[in-house]
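Here the structure is laid out as structure tokens; the discussion comes afterwards.
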Amino acid sequence: MRRWPGICLVGLLLIAGCIGRGTTPRPSLTATLLLVQGVEGDQGPFEFAAAGAAAFRRSEGVDVPLLALGEDPIAWEGMIRAAAREPAHRLLLIGMEGPARLGLEQARLFPGKRFVLLGLAGSEEIPPNVLAIAFHDWEAGWLAGYIAGHLADPERGRRVGALAGPGPSAALEGYRCGARAAGVRPEDLLVERVDADPDPAAGFEAALRLYQQGADIVLGLAGGSSAGLFEAAAAVRRHAIGFGIDWGARYRMMRSPAAEALLGSVTPAVGEAVRRVLRQSRRGELPFGARWTLGLREGGLEWRGTPTFFRIAPAWLQRQIRDRALRPAPCGGPGAAGSGR
């Protein structure tokens, strides 16, 4: 009779071993670190990344450390180098474009670690330990132009404008095509440029010139100088669209009159990208030595409409954006999936 307890114990251990072999435990994310440009409450990349990490935590029950890099490129370098050298960090998610380029340098120095670089555009060779994720600026501009073109006031000739920085801009070219797909004539799209960033005063003056020329809606593509655009839109009671960060949410937090002038912002869907990367990493499904370019079809861009937009935009336009029914195409090619009217 004394043998029975021992036999039962052996049996239980064998059963436990079989169960363990029948189920594959998910990889741990304890060695994962997010480093994202911005600060808490910035309504930009850091805030978007925080939302993505929080969504992952709710669905998977796993916490992932998230560090704010701030806005100082000199500080970025030290923080990213220190994180890459830390032995406990095996997978690093770094964004946006400026920090991602610094992350690319560290990826070449530490081939045994893995890096996901958010917002990394370009055509350079990607090392085998890197996944580069870019957000489609041309399509983001196209979406802004399509919205602006459909909401511009016919009494002002359906004129739209763009406040741009120096040099070429894929977003600006996309904006031209999106506005054209919405029926805006090329001569009715006006552009003013500012040379300095951030220079809200210069942005304000340039935006006033656009509105004085008849632009009803203006897109801000001038970085921090775009703050002057939103103030100008409020001053002349016209409308503006933001780019890159959720300007509407930022101005609502400040209780600024400019919040009413903003229709919304087109932003990279950083939160969804972070959630997707963390989920696939936990399952061992991330491809490295590869590039992803995320546009509208892939859910890589978001339209963050304001109360003003939802008040004045027709239901069919809101539905097209919500249902991702838009198919951006180069000027002269097939554009959106119909007007929906």
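For the sequence shown, this note's numbering begins at 226 and goes up steadily by one. Glycine included, each C-beta is placed from N, C-alpha and C at the ideal position.
CA-CA distance, residue i and residue j?
| i | j | result |
| --- | --- | --- |
| L388 | H464 | 13 Å |
| G530 | E497 | 17 Å |
| R339 | V287 | 19 Å |
| Q331 | A309 | 7 Å |
| V416 | G453 | 15 Å |
| V341 | L356 | 5 Å |
| P393 | W367 | 15 Å |
| G403 | S506 | 35 Å |
| V499 | L526 | 13 Å |
| G445 | D420 | 14 Å |
| I546 | G439 | 27 Å |
| R501 | V495 | 10 Å |
| A256 | I470 | 29 Å |
| R480 | G473 | 10 Å |
| G382 | P423 | 31 Å |
| R566 | E510 | Per-residue confidence for R566 stands at a pLDDT of 42, beneath the threshold of 50, marking its modelled position as unreliable; the derived number appears in the next sentence. Their backbone Cα atoms lie some 42 Å apart in a straight line. |
| S451 | D441 | 16 Å |
| P555 | Y371 | 13 Å |
| R405 | P411 | 7 Å |
| A373 | L551 | 14 Å |
| F535 | S348 | 38 Å |
What distance in whole Å lies between the Cβ atoms of residue j and residue i, which are believed to be in contact at a cut-off of 8 Å?
| i | j | result |
| --- | --- | --- |
| L414 | R434 | Actually they do not touch by this definition, with Cβ atoms about 14 Å apart. |
| G328 | I305 | 6 Å |
| G263 | E302 | Rounded, the Cβ-Cβ distance is 16 Å, inconsistent with contact. |
| D362 | A407 | About 19 Å; that fails the 8 Å criterion. |
| G358 | L519 | Note that residue 358 is Ile in the sequence shown, not Gly. About 7 Å separates the two Cβ atoms, so the contact holds. |
| I537 | L317 | Between L317 and I537 the Cβ distance is about 43 Å, and since that is not below 8 Å, they are no contact. |
| W528 | G489 | 6 Å |
Using the three-state DSSP reduction, which class does residue i fall into: helix, strand or coil?
| i | result |
| --- | --- |
| I546 | helix |
| R504 | helix |
| R535 | What sits at residue 535 in the sequence shown is Phe, not Arg. Looking at F535 - three-state DSSP - the assignment turns out to be helix. |
| L442 | Reading off the sequence, residue 442 comes out as Ile, not Leu. Note: I442 maps to strand in three-state DSSP. |
| E527 | strand |
| I299 | helix |
| L368 | helix |
| S490 | strand |
| G245 | With a pLDDT of only 39 at G245, under the threshold of 50, the placement of this residue in the model should not be trusted; the figure read from the coordinates follows. G245 falls in the helix class under three-state DSSP. |
| L327 | helix |
| D362 | helix |
| M479 | coil |
| G449 | helix |
| F335 | coil |
| H375 | helix |
| R283 | helix |
| C402 | helix |
| V409 | coil |
| L433 | helix |
From the DSSP output, read off the bridge partner residues of residue i.
| i | result |
| --- | --- |
| V355 | F340 |
| L292 | L260 |
| E417 | L388 |
| G320 | V261 |
| H464 | I442 |
| A515 | L356 |
So, are the CB atoms of residue i and residue j less than 9 Å apart?
| i | j | result |
| --- | --- | --- |
| E523 | A483 | no |
| L343 | L291 | no |
| V261 | L503 | no |
| F273 | A293 | no |
| P298 | G323 | yes |
| R307 | T492 | Here residue 307 turns out to be Ala, not Arg, going by the sequence shown. Their beta carbons are not under 9 Å apart, which means A307 does not touch T492 by this criterion. |
| E485 | A459 | yes |
Compare the C-beta of residue i against all C-beta atoms of chain B and say whether one is closer than 9 Å.
| i | result |
| --- | --- |
| A373 | No chain B appears in the structure shown, which is made up of a single protein chain. |
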